[in-house]
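Here the structure comes first, spelled out in structure tokens, and everything after it is commentary.
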Amino acid sequence: MQKIINTLAIIFAAAAFTACEDVIDVEVPEGKTFTVVDAWITNSPGRQDIRITQSMPYTNQAPAPIVSDAVVTLTDMTSGQVYPFTFSNGKYSYDPGAGATIGVVSHVYKLRVELKESTFEAIDTLKRVPMIDSITYEFKTEEEAASGKEGFYARWHGRDLAGATDYYWVRSYRNSTDHREADAFPIDGSFEADVADGSVFIYPLSEAITREDKPFLENEKVIVRLASVTKPSHTFLDMVDEQLSNGGLFAKILENVPTNLKNVNTASNAKVLGWFGTSAVQFKERVMHK
Numbered sequence: 024m025q026k027i028i029n030t031l032a033i034i035f036a037a038a039a040f041t042a043c044e045d046v047i048d049v050e051v052p053e054g055k056t057f058t059v060v061d062a063w064i065t066n067s068p069g070r071q072d073i074r075i076t077q078s079m080p081y082t083n084q085a086p087a088p089i090v091s092d093a094v095v096t097l098t099d100m101t102s103g104q105v106y107p108f109t110f111s112n113g114k115y116s117y118d119p120g121a122g123a124t125i126g127v128v129s130h131v132y133k134l135r136v137e138l139k140e141s142t143f144e145a146i147d148t149l150k151r152v153p154m155i156d157s158i159t160y161e162f163k164t165e166e167e168a169a170s171g172k173e174g175f176y177a178r179w180h181g182r183d184l185a186g187a188t189d190y191y192w193v194r195s196y197r198n199s200t201d202h203r204e205a206d207a208f209p210i211d212g213s214f215e216a217d218v219a220d221g222s223v224f225i226y227p228l229s230e231a232i233t234r235e236d237k238p239f240l241e242n243e244k245v246i247v248r249l250a251s252v253t254k255p256s257h258t259f260l261d262m263v264d265e266q267l268s269n270g271g272l273f274a275k276i277l278e279n280v281p282t283n284l285k286n287v288n289t290a291s292n293a294k295v296l297g298w299f300g301t302s303a304v305q306f307k308e309r310v311m312h313k
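What follows is the structure in structure tokens.
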């Protein structure tokens, strides 16, 4: 996720307080290109995919170039099982077969990515995840909805697993998992550690699956995915979300989000971006009807 520091925010802020309509062209430096690793392993059955690309300048809208010559290996450090990922159709994949899975709760996994510039490794633990009990929804008119948008407002319901601090990633989709709607990042049953262990997920989290500016329509389907994550992965996701929603007059300067992929070659200064994470996942879905 290459983000280039630039002066556009300052210029836009100044323009907001003037009546000037002149067009100002700003030369923005392209910055350095990095390899970006997008690797998330789950306990879902079937094929697991990893994507490796090259970063693009912030102002460039072209698709990110795909890295096709890496050597990618996943090791289950708990069982000793090794999974070699092979490149095909723009991604690196491993398929354990129909109904089989490579992700096991409480197992520790190491990702190794061998690139031209160097070799990088990261470690993560696949944590537990609770069930999604149910999904409910309410139809609201323009007058009833706080957003003024008529439609169906969905909520999911579940309870945090008691006995430890758990970190989660909630994502909702519209009709299929190709259409992401919203994300939320609970800690136990709320937003903070040590306050809601074993509790029902609080209202702001449960209703976060519906976009206020675009509620669901008749016969549309909401799909909810609840995923476990480790504390470092939770921090990474929070930082990514902050960067994606960064904007407005008081926006922060865009920057690269830290990675957990470490260069194993002490003689090399090469770096990559991205993250390796593991999750246990639960899905539930419901169609909207009056």
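With positions in the sequence shown counted from 1, the corresponding number in this note's numbering is that position plus 23.
Positions of the beta carbon are idealized from the N, C-alpha and C atoms, including for glycine.
N- and C-terminal bounds of the alpha helix (DSSP H) containing residue i
| i | result |
| --- | --- |
| E265 | 254 to 267 |
Close-in-space but distant-in-sequence residues of the same chain around residue i (CB under 8 Å, 5 per side omitted)
| i | result |
| --- | --- |
| G221 | R182, D183, L184, A185, G186, D211, G212 |
| K139 | D92 |
| G171 | E165 |
| M308 | The residue you asked about is not Met; residue 308 is Glu in the sequence shown. Cβ within range, chain order: I158, K244, V245, I246, V247. |
The beta strand (DSSP E) enclosing residue i, as first and last residue numbers
| i | result |
| --- | --- |
| P227 | Here P227 belongs to no beta strand (DSSP E); instead the alpha helix (DSSP H) covers 226 to 229. |
| Q71 | 71 to 77 |
| L184 | Per DSSP, L184 belongs to no beta strand (DSSP E) and is neither H nor E. |
| E204 | 203 to 207 |
| G171 | That residue, G171, is in no beta strand (DSSP E); it is neither H nor E in DSSP. |
| Q305 | 304 to 310 |
| P107 | 105 to 111 |
| L138 | No beta strand (DSSP E) holds L138; DSSP gives it neither H nor E. |
| K163 | 155 to 163 |
| V127 | Note, V127: premise wrong, no beta strand (DSSP E); not H, not E. |
| V94 | 94 to 99 |
| V280 | Careful: V280 lies outside any beta strand (DSSP E) and carries neither H nor E. |
| R197 | 190 to 197 |
| V90 | That residue, V90, is in no beta strand (DSSP E); it is neither H nor E in DSSP. |
| D61 | 58 to 65 |
Beta-carbon contacts of residue i that lie in its chain and below 7 Å, excluding the five residues immediately before and after
| i | result |
| --- | --- |
| S157 | H180 |
| R203 | R194, Y196 |
| M262 | V280 |
| K313 | F162, E241 |
| F57 | Q25, S78, K294, V295, L296 |
| T200 | I246 |
Same chain, Cβ closer than 6 Å to residue i, neighbours up to 5 away in sequence not counted
| i | result |
| --- | --- |
| R70 | S116, D118 |
| K237 | none |
| A62 | I73, L134, F299 |
| T301 | I64, Y132, D147, L149 |
| G271 | Annotation note: pLDDT 49 at G271 (below 50); position unreliable, no value reported. |
| V310 | K244 |
| T124 | N66, P68 |
Whole-number beta carbon distance between residue j and residue i, since they are thought to touch under 8 Å
| i | j | result |
| --- | --- | --- |
| L134 | A303 | Between A303 and L134 the Cβ distance is about 17 Å, and since that is not below 8 Å, they are no contact. |
| V245 | A290 | With 8 Å as the limit, V245 and A290 do not qualify as a contact, their Cβ atoms being about 51 Å apart. |
| F239 | G174 | 6 Å |
Residue i and residue j closer than 8 Å at C-beta
| i | j | result |
| --- | --- | --- |
| Q305 | I155 | yes |
| L296 | T282 | yes |
| T142 | N292 | no |
| F214 | D264 | no |
| E144 | L284 | yes |
| T98 | F108 | no |
| A216 | T188 | yes |
| G113 | I89 | yes |
Min CB distance residue i to chain B below 8 Å
| i | result |
| --- | --- |
| G122 | Any reference to chain B falls outside this structure, which holds one protein chain only. |
Meets three-Cβ-pair contact criterion under 8 Å: the stretch 235 to 254 and the stretch 178 to 198: Pairwise C-beta distances place the stretch 235 to 254 in contact with the stretch 178 to 198, as three or more of them are shorter than 8 Å.
Would you call the stretch 122 to 132 and the stretch 54 to 74 touching, i.e. three or more CB-CB distances under 8 Å? Flag = yes, the stretch 122 to 132 and the stretch 54 to 74 touch.
Are there three or more Cβ pairs, one per stretch, closer than 8 Å when the stretch 277 to 287 is compared with the stretch 224 to 236? When Cβ pairs closer than 8 Å are counted between the two stretches, the stretch 277 to 287 is seen not to touch the stretch 224 to 236, the count staying below three.
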